[in-house]
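One structure is given here, and the rest of the page talks about it.
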Ligand SMILES: Cc1ncc(COP(=O)(O)O)c(C=O)c1O
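Okay, here's the thing in structure tokens:
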């Protein structure tokens, strides 16, 4: 049976079915890459946003990836795992040392590295929330979200959740259920998801339709925003009265940045109605937004935080669910019983990653470099009418492409065109929702590398404008 996939406009990730991809591959791939791609395609189950692949890789180091033909790309995507850059020597060294010392710990045995990591993350959590924390580790982010969901259910005695359309929280059943992307909700193809997983529209100021004030340029005036998006959360919590948790990314990785006061209003609503606030910081945590936790920008303390992706230093898979001490109430249940729960090697990779972030001042660097990039992108917006909006926080950056700045109608196809133009010039990034260029460079990116990437982007936008003018003239 053939199930029709949903359109790219629905998806957080870029798609692997673009017709432009075949043309790009025809032009750029060498024989060795074609042969490996063919074997990859024959060996793996096909799925959207994954197999079949674009190209084949032989090296990943720092901010660069290198394909089989030796072509290098500045990787401004990296699935948000490469905060400290690929193959950081301190992370690799820590893993090698740990492998030599103790390579696995069955769960009934405590291991020094796992305890150290739990303590380090609890301390970070305490600095964010003012509350002591406790931790469970999983292998992947989706599993850590499952742990958070189960803990919220056990702790509150409720089973409902409130989360956001268009969000992504992972591929497991629980994570897909609180997620709001049709691509990952499978359009019913896998049958019913979890009951009680309610959704509301997410914040997203650029195309906000809730009628807040606009400034002289016709842009939403955030200083005079009525926070209707937050009021909607309160409304549902009030009506349902038995929601266990609100689950959300504090800043959406698209990116979308919350309007000022949004999370404080949601936090208050959670307090008022007995719901926990769970922040999924899997892509945004560990300094990506210029603060260690993205939530630090918004003055709202979560009850549970989920970390993953970059926690393993871009080498090993490890994720964490960190919860307030008061939520340590599920000792009678095995709700996060994962084989690699206390793996000393993944823990050593994570500890080394935290050390690199600290020692190299990467959080502060992300803030400065992000501000520099945002200023350059704003300047580009003034020259390129295709760019309707530029937004970001730290190194979570995005350009929203429009066919008309007045209507803000998403530009069909332009993001895909720009992506392949950029790949041809040695810059890789993600396209999101079909019309956003999502730039998530690693925290070790230098100012020179950032400028190089933005020069490429600028050139691609100019090239595309010339192409579009030619296409319009020919029509
Ligand atoms: C916000 C968010 N939550 C959860 C996940 C799932 O993490 P993993 O792929 O490690 O299961 C992702 C992965 O992209 C994510 O971006």
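Numbering (the working numbering), first residue to last: 1081 to 1555. Built from N, CA and C at the ideal position, the CB exists for glycine as well. It should be emphasised that the depicted structure is a prediction, and the values quoted were computed from it without experimental measurement.
Helix, strand or coil at residue i according to DSSP, with G and I counted as helix
| i | result |
| --- | --- |
| residue 1147 | strand |
| residue 1558 | Past the edges of the chain, shown from 1081 to 1555, lies residue 1558, and the structure says nothing about it. |
| residue 1401 | strand |
| residue 1471 | strand |
| residue 1098 | coil |
| residue 1537 | helix |
| residue 1421 | coil |
| residue 1261 | coil |
| residue 1492 | coil |
| residue 1141 | strand |
| residue 1368 | coil |
| residue 1270 | coil |
| residue 1111 | helix |
| residue 1478 | strand |
| residue 1193 | helix |
| residue 1378 | coil |
| residue 1182 | coil |
| residue 1395 | coil |
| residue 1286 | helix |
| residue 1384 | strand |
| residue 1243 | strand |
Rounded separation between residue i and residue j - CA only
| i | j | result |
| --- | --- | --- |
| residue 1409 | residue 1194 | 21 Å |
| residue 1210 | residue 1322 | 26 Å |
| residue 1371 | residue 1541 | 30 Å |
| residue 1537 | residue 1261 | 28 Å |
| residue 1123 | residue 1398 | 26 Å |
| residue 1313 | residue 1484 | 31 Å |
| residue 1355 | residue 1347 | 9 Å |
| residue 1286 | residue 1294 | 11 Å |
| residue 1451 | residue 1445 | 10 Å |
| residue 1108 | residue 1493 | 21 Å |
| residue 1205 | residue 1545 | 46 Å |
| residue 1083 | residue 1528 | Residue confidence for residue 1083 is low, a pLDDT of 33 falling below 50, so the modelled location carries little weight; the figure read from the coordinates is stated next. Whole-angstrom Cα-Cα distance: 45 Å. |
| residue 1081 | residue 1264 | Below a pLDDT of 50, predicted positions are generally treated as unreliable, and residue 1081, at 35, falls in that range; the measurement from the model is reported next regardless. Cα-Cα distance, rounded: 18 Å. |
| residue 1242 | residue 1212 | 25 Å |
| residue 1462 | residue 1470 | 10 Å |
| residue 1401 | residue 1289 | 34 Å |
| residue 1178 | residue 1426 | 9 Å |
| residue 1310 | residue 1549 | 42 Å |
| residue 1517 | residue 1447 | 20 Å |
| residue 1214 | residue 1231 | 12 Å |
heavy atom of ligand 3 below 7 Å from residue i C-beta
| i | result |
| --- | --- |
| residue 1221 | With respect to ligand 3, the structure offers nothing, as its ligand set consists of ligand 1. |
Exposed unless 16 or more other CB atoms sit within 10 angstroms - verdict on residue i
| i | result |
| --- | --- |
| residue 1186 | exposed |
| residue 1257 | buried |
| residue 1089 | For residue 1089, the pLDDT reaches just 42, beneath the cut-off of 50, and the residue's location in the model is therefore unreliable, leaving the point undetermined. |
| residue 1169 | exposed |
| residue 1343 | buried |
| residue 1405 | exposed |
| residue 1441 | exposed |
| residue 1315 | exposed |
| residue 1189 | exposed |
| residue 1551 | exposed |
| residue 1468 | buried |
| residue 1160 | buried |
Sheet register partners of residue i (DSSP bridge)
| i | result |
| --- | --- |
| residue 1328 | 1359 |
| residue 1507 | 1154 |
Test: residue i CB closer than 8 Å to a CB of chain D
| i | result |
| --- | --- |
| residue 1259 | The chain labelled as chain D is not found in the depicted structure, where only one protein chain is given. |
**Segment contact, 8 Å Cβ cut-off, at least three pairs: the region 1494 to 1514 with the region 1355 to 1366** = Three or more beta-carbon pairs separated by less than 8 Å are not found between the region 1494 to 1514 and the region 1355 to 1366, which leaves the two stretches without contact.
**Message:** Between the region 1470 to 1486 and the region 1329 to 1336, can you find at least three pairs of beta-carbon atoms closer than 8 Å?
**Reply:** Three or more beta-carbon pairs drawn from the region 1329 to 1336 and the region 1470 to 1486 are found closer than 8 Å, and the two stretches are therefore classed as touching.
**Asked** Is there contact between the region 1384 to 1397 and the region 1429 to 1441, where contact requires at least three CB pairs shorter than 8 Å?
**Response** The region 1384 to 1397, when compared against the region 1429 to 1441, does touch it at the 8 Å Cβ threshold.
**Message:** Three Cβ pairs or more, each shorter than 8 Å: is that satisfied between the region 1103 to 1120 and the region 1134 to 1150?
**Reply:** A contact exists between the region 1103 to 1120 and the region 1134 to 1150.
**Prompt:** Quick check: the region 1247 to 1255 against the region 1219 to 1229, are there 3 or more CB pairs under 8 Å?
**Reply:** The region 1247 to 1255 vs the region 1219 to 1229: in contact.
**Message:** Using 8 Å as the cut-off, can you tell me whether the region 1451 to 1460 makes contact with the region 1504 to 1513, which would need three or more C-beta pairs spanning the two stretches below that distance?
**Reply:** The region 1451 to 1460 is not in contact with the region 1504 to 1513.
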